[in-house]
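To start, the structure itself, in structure tokens.
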Amino acid sequence: MVHNLPKEGRRRVVVERVMPQINGGRFPIKRTVGESVVVEADVFTDGHDHIQCQLQYRNENSAQWHTVLMKPLGNDRWQGSFPVRDLGRYLYTVAARIDHFLSWRHDLTRRIEPEDIDIALLVGAELIEAAARHASGEDAKKLQQAARILNDNDDRHTRMDVAMGEELAQLMARNADLLLATVYDHTLVVVVDPELARFGAWYETFPRSCSEQSDCHGTFADCEARLPYIAEMGFDVLYLPPIHPIGHTKRKGRNNTLIAYESDTGSPWAIGSKEGGHLSVHPELGTLGEFRSLVTRARDHGLEIALDIAFQCSPDHPYVTEHPAWFRHRPDGSVQYAENPPKKYEDIYPFDFETADWQGLWVELEDVFRFWIEQGVRIFRVDNPHTKSFYFWEWLIANIKRDHPETIFLAEAFTRPKVLHYLAKLGFSQSYNYFPWRNTKHELTEYLVQLAHGPEREYLRPNLWPNTPDILTEYLQFGGRPAFMIRLALAATLGASYGIYGPAFELFENTPRKPGSEEYLNSEKYQIRNWELNRHDSLKDYVARINRIRKENPALQHNRTLQFQSVDNDSLICYSKTTEDLTNIVLVVVNLDPHHTQSGWVDIPLDTFGLEAGRSYQVHDLLSNARFIWNGPRNYVELQPHVVPAHIFRLRRRVRSEQDFDYYL
């Protein structure tokens, strides 16, 4: 008879429901350098023995595991945490064992009869001697000495003092026999990105529109000249649409017309011409050397260049003739262009990810990223990743981040929720999302609570954009200048990462191509625009002030503490962010109505903010620099959208100094 006994049947501890993990450990969670990973698990055993539960972790490039003792939360749930200090990947898991020593000590404290105590102390000595046999150095000596004391029948008080001492407990924990420990059946992974993957302000602009001369094609040098303007507004990332040669065949004219004139510049997303493809720059923008100069000069201004990677080709792209197998062909032999019937995009050829030469295609596209990394680019905004193979992205991002863990990938995926989430799981560092179309208090609250506190918080980092070259929402079209101020305040304070498409944003460009459309009239996607940057009504100073507030207040640099507060007017939204130690408390109130003054009473959770009932506190409006003294949990606010439609308050507690006077901290 075959009994099929397990390899080790003496293990008695169960470890399950280890969190965080994504899809049963199929995908890694995400953190940035300096953050912590808080891990919880259900851990229990049969009977009443005590358990020792350990969180084990290591950098993927190190063979040494580090151990943190986990603490019980109640109901057999345990918790521990570890810091991630380096870019790359960390591994973690949970191990647990029966702690016979702790079980013995627990029972020892309950014994009454002297004879029971003496026998129990001898049992304890055996446990200590066993630990000493596989300990080493000073630990082994101390354990052997403790065992001798417990075996000494003459002095029960000394024996008890040693048995219940903290030093012995630490020695036993450190030298525990892990032979019968249960290790969770998955080793989980956390990807550690640079801080800019969590917190940063993005500014998108078209280099070809950076010239100060009317109707003149801008260059990288012109873009360099605009760096101080962008840096002064406090941005961290300058994002450029595709900078490659633009095709001529089926080129789109102004306002996306099907017929282009000789002077029309075409769409930067129709990539490729006789001048080159994805590894080349548009000759009218300048040379590759001048692009590298732009990257260097941007860093001098505290800006990182983000480059748009769009994996599609114009009919003139060299790939079309050099690798025809990478494209689908119609029965008449022509290459299949992109279409979403009845719409036709004849200036775009999509790649065929089902091609028999898929391996060649994958390697070539990976080389595109590596080429631009060699030019100094570390941040990539990826165009429409949801129209390419999921497995390709998982392979590519893992490959690139293995060699360049500092890289950041932003997924431009305004698509179905499950697809958007899956791309984030596959490895994209940040994600576009549905923020542009969330306008009411209910919509914003529901959506941001989901992003900040739902399970997706472990893998999806939202980057909030009020506008893009493709998106001019109805709210912005009809709300005027106040609408742009409102959406900026929301994006920049609800999200640790946000971006704007400028100068269209700070100059509140809001005319659609036609009623009901989200396309801009005279869209920069199809023509060069000249912007009057120094217009008296520009929002650039407002943008700069908000970005400065973000950098001066650590509470705004995370999403994890976002909480919405009650206000008795649905046209007002109120929310807060804090640091964990409550040294930085930011309360934001925004008027969502761009046309009318709105007022209401805000409820302040005094206990949550560490404020004493009955003591006043100061609210410092960081936008206007006004200061107010508030009392109690309920306070009045009023916001005029045509002046400033938001309060960004920093709350300061009143404290008593050693010199016996009050001040606000």
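At position 647 of the sequence shown the residue is numbered 650 (our numbering), and the sequence of numbers has no breaks. By construction, the Cβ of each residue, glycine as well, lies at the ideal position given by its N, Cα and C atoms.
In the structure shown, what three-state DSSP assignment does residue i receive?
{"i": "H598", "result": "coil"}
{"i": "R516", "result": "coil"}
{"i": "K255", "result": "coil"}
{"i": "N466", "result": "strand"}
{"i": "F202", "result": "coil"}
{"i": "E628", "result": "Contrary to the premise, residue 628 reads as Asn rather than Glu in this sequence. In the structure shown, N628 sits in coil (DSSP, three-state: anything other than H, G, I, E or B)."}
{"i": "E409", "result": "coil"}
{"i": "G250", "result": "coil"}
{"i": "A99", "result": "strand"}
{"i": "W361", "result": "helix"}
{"i": "F356", "result": "coil"}
{"i": "F664", "result": "The predicted model places F664 with a pLDDT of 45, which falls under 50 and marks its position as unreliable, so this point remains unresolved."}
{"i": "R34", "result": "strand"}
{"i": "T390", "result": "helix"}
{"i": "S39", "result": "strand"}
{"i": "A414", "result": "strand"}
Which value, in whole angstroms, describes the spacing of the CA atoms of residue i and residue j?
{"i": "F652", "j": "A499", "result": "17 Å"}
{"i": "M22", "j": "H424", "result": "18 Å"}
{"i": "H281", "j": "E415", "result": "18 Å"}
{"i": "A200", "j": "L76", "result": "32 Å"}
{"i": "R14", "j": "V195", "result": "34 Å"}
{"i": "S541", "j": "R92", "result": "43 Å"}
{"i": "P344", "j": "P353", "result": "15 Å"}
{"i": "F508", "j": "L475", "result": "10 Å"}
{"i": "N7", "j": "W81", "result": "33 Å"}
{"i": "L261", "j": "T252", "result": "11 Å"}
{"i": "H332", "j": "K580", "result": "53 Å"}
{"i": "Y437", "j": "R419", "result": "10 Å"}
{"i": "R373", "j": "D386", "result": "17 Å"}
{"i": "E307", "j": "D239", "result": "6 Å"}
{"i": "R519", "j": "N470", "result": "Note that residue 519 is Gly in the sequence shown, not Arg. Cα-Cα distance, rounded: 16 Å."}
{"i": "H69", "j": "L174", "result": "17 Å"}
{"i": "D335", "j": "F356", "result": "21 Å"}
{"i": "S270", "j": "W205", "result": "22 Å"}
{"i": "F417", "j": "A427", "result": "13 Å"}
{"i": "R553", "j": "E377", "result": "32 Å"}
{"i": "T35", "j": "L585", "result": "21 Å"}
{"i": "A341", "j": "W468", "result": "26 Å"}
{"i": "Y545", "j": "P506", "result": "14 Å"}
{"i": "L575", "j": "L625", "result": "18 Å"}
{"i": "R29", "j": "L171", "result": "41 Å"}
{"i": "E367", "j": "C316", "result": "14 Å"}
{"i": "F330", "j": "D350", "result": "14 Å"}
{"i": "Y666", "j": "L654", "result": "Note that Y666 scores 46 on pLDDT, short of 50, meaning its location in the model is unreliable and no value can be drawn from it."}
Hey, quick one: how far does the alpha helix (DSSP H) through residue i stretch, first residue to last?
{"i": "P231", "result": "223–235"}
{"i": "H445", "result": "444–456"}
{"i": "S106", "result": "103–111"}
{"i": "I115", "result": "Neither: I115 is in no alpha helix (DSSP H) and is coded neither H nor E."}
{"i": "P485", "result": "477–497"}
{"i": "I403", "result": "393–406"}
{"i": "D142", "result": "140–153"}
{"i": "Y425", "result": "420–429"}
{"i": "L524", "result": "Unbroken run through L524: none, as it is neither H nor E."}
{"i": "E170", "result": "169–177"}
Can you give me the start and stop residues for the beta strand (DSSP E) that residue i sits inside?
{"i": "Y639", "result": "637–642"}
{"i": "L191", "result": "191–196"}
{"i": "L76", "result": "74–77"}
{"i": "L58", "result": "54–62"}
{"i": "W81", "result": "80–86"}
{"i": "R1", "result": "There is no way to answer for residue 1, as the model of the chain reaches only from 4 to 668."}
{"i": "D386", "result": "382–386"}
{"i": "A341", "result": "341–343"}
*Stretch-stretch touch, CB-based, cutoff 8 Å, three pairs: the segment 429–447 with the segment 172–190*: In this structure the segment 429–447 does not lie against the segment 172–190, because fewer than three pairs of beta carbons, one per stretch, are closer than 8 Å.
*Between the segment 565–583 and the segment 211–223, do at least 3 Cβ pairs fall closer than 8 Å?*
No, the segment 565–583 is not in contact with the segment 211–223.
*What residue ranges within the segment 270–321 form continuous beta strand (DSSP E) runs of no fewer than 3 residues, ordered along the chain?*
307–312
*Counting pairs of Cβ atoms below 8 Å between the segment 371–386 and the segment 404–415, do you hit three or more?*
yes
*Hey, is the segment 547–560 in contact with the segment 510–525, meaning 3+ C-beta pairs nearer than 8 Å?*
Not touching, per the Cβ criterion.
*Are three or more beta carbon pairs between the segment 64–84 and the segment 123–131 nearer than 8 Å?*
no
*asked:* Check whether the segment 609–622 and the segment 481–500 are in contact - that is, three or more C-beta pairs closer than 8 Å.
replied: Touching, no.
*Would you call the segment 301–321 and the segment 219–239 in contact, with 3 or more CB pairs under 8 Å?*
By the Cβ test, the segment 301–321 is in contact with the segment 219–239, since at least three Cβ pairs between them sit closer than 8 Å.
_Count Cβ pairs between the segment 85–102 and the segment 48–59 that sit closer than 8 Å; are there 3 or more?_
yes
_Validate contact between the segment 25–34 and the segment 456–468 using beta carbons, cut 8 Å, 3 pairs_ = yes
*Could I get the ranges of all uninterrupted alpha helix (DSSP H) runs contained in the segment 535–559, with 4 residues as the minimum, in chain order?*
543–555
*Pair every Cβ in the segment 271–290 with every Cβ in the segment 307–324, then say whether three or more of these pairs are closer than 8 Å.*
yes
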